[in-house]
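Going left to right, the sequence shown walks through residues 0 to 101 as numbering that gives the first Met the number 0 numbers them.
Glycine is no exception: its CB is placed at the ideal position from the N, C-alpha and C atoms.
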Amino acid sequence: MGLSITAQEFAFDNMARFIGNTLTALGRPVTRLRFPSKDVPADTMKILALDDARPEASRRLIQQASNDADLAKSACDDPNNPEGRMVKALMMGLPAMPKTGV
0 MGLSITAQEF
10 AFDNMARFIG
20 NTLTALGRPV
30 TRLRFPSKDV
40 PADTMKILAL
50 DDARPEASRR
60 LIQQASNDAD
70 LAKSACDDPN
80 NPEGRMVKAL
90 MMGLPAMPKT
100 GV
């Protein structure tokens, strides 16, 4: 399962690089970043198989999402973090969500 997740990350990174480089070559500059970029703890990686629906896997996935959200919020609130500033500008530039939902 760790190999599967690693292979997917590698594939996604390569796709992002290819698309970004292609768009940049066509005159639309693209910056890629992994955000947040902190590694997942090894004990959590062992249990996070994509088809694992056990309660422990769900709990760890939710915890990892919470940790990532905390890291992202912290980076976005740090004026000295260039990646955080970029993500914050992107999010703040989105149109407001209608009060009635999507």
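The count of Cβ pairs closer than 8 Å, one atom from the segment 19-38 and one from the segment 61-79, reaches three, so the stretches are in contact. Excluding the 5 residues flanking it on each side, Asn66 has no same chain C-beta neighbour closer than 6 Å. When DSSP assignments are scanned along the segment 22-81, the uninterrupted stretches of alpha helix (DSSP H) that are 4 or more residues long and fall wholly within it turn out to be 41-46, 54-76. Residue state for Leu89 is assigned as helix, using DSSP reduced to three classes. Apart from the 5 residues on each side of it in sequence, Glu55 sits with its Cβ closer than 8 Å to the Cβ of Ile46 in its chain, given in chain order. In the displayed model, Met96 falls within coil according to three-state DSSP, outside both helix and strand.
A distance of 8 Å or more separates the beta carbons of Val39 and Gln62.
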